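Numbering (the numbering used here), first residue to last: 22 to 139.
Quick reminder that beta carbons are idealized off the backbone N, C-alpha and C, glycines included.
All values derive from a computational prediction rather than experimental measurement.
A short worksheet on the structure shown next.
Right, dumping it as structure tokens:
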């Protein structure tokens, strides 16, 4: 299966789905490059990318919710659509110099999920 073709987001239906399709496709393709088992799960799922996006959007508006969906939530939901139980670890790195290519004493790494409890 050609995963780039699978994640083609040109014909996605639904405004919200269309809005998140491109970045979600890029992120899932990146995960496929990192984990061949994840790519295999997608290939063997029998599910479409449209189905994935519909799942990500489903339930987005909950009681008391603003109706928004963070990128992190979207990627977590998309990954679990294909691979239930999988966890996406989100990390941000603060680069005070603005040009650090890799971790240096000037770059500080934060686990994004730890910031969710503000």
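- Burial is judged here by how many other beta carbons sit within 10 angstroms of a residue's own beta carbon; residue 33 has at least 16 and is buried.
- Per DSSP, the unbroken alpha helix (DSSP H) holding residue 26 starts and ends at 24-27.
- Under the 10 Å beta carbon count, residue 112 is surrounded by fewer than 16 other beta carbons and is classified as exposed.
- For the 9 Å CB-CB criterion, residue 63 and residue 103 form a contact.
- Rounded to whole angstroms, residue 24 and residue 116 show a C-alpha spacing of 33 Å.
- The C-alpha of residue 29 is placed about 16 Å away from the C-alpha of residue 52.
- Nearest Cα to residue 73 within the set 54, 37, 89: 37.
- For residue 34, the secondary structure class from DSSP, reduced to helix, strand or coil, is coil.
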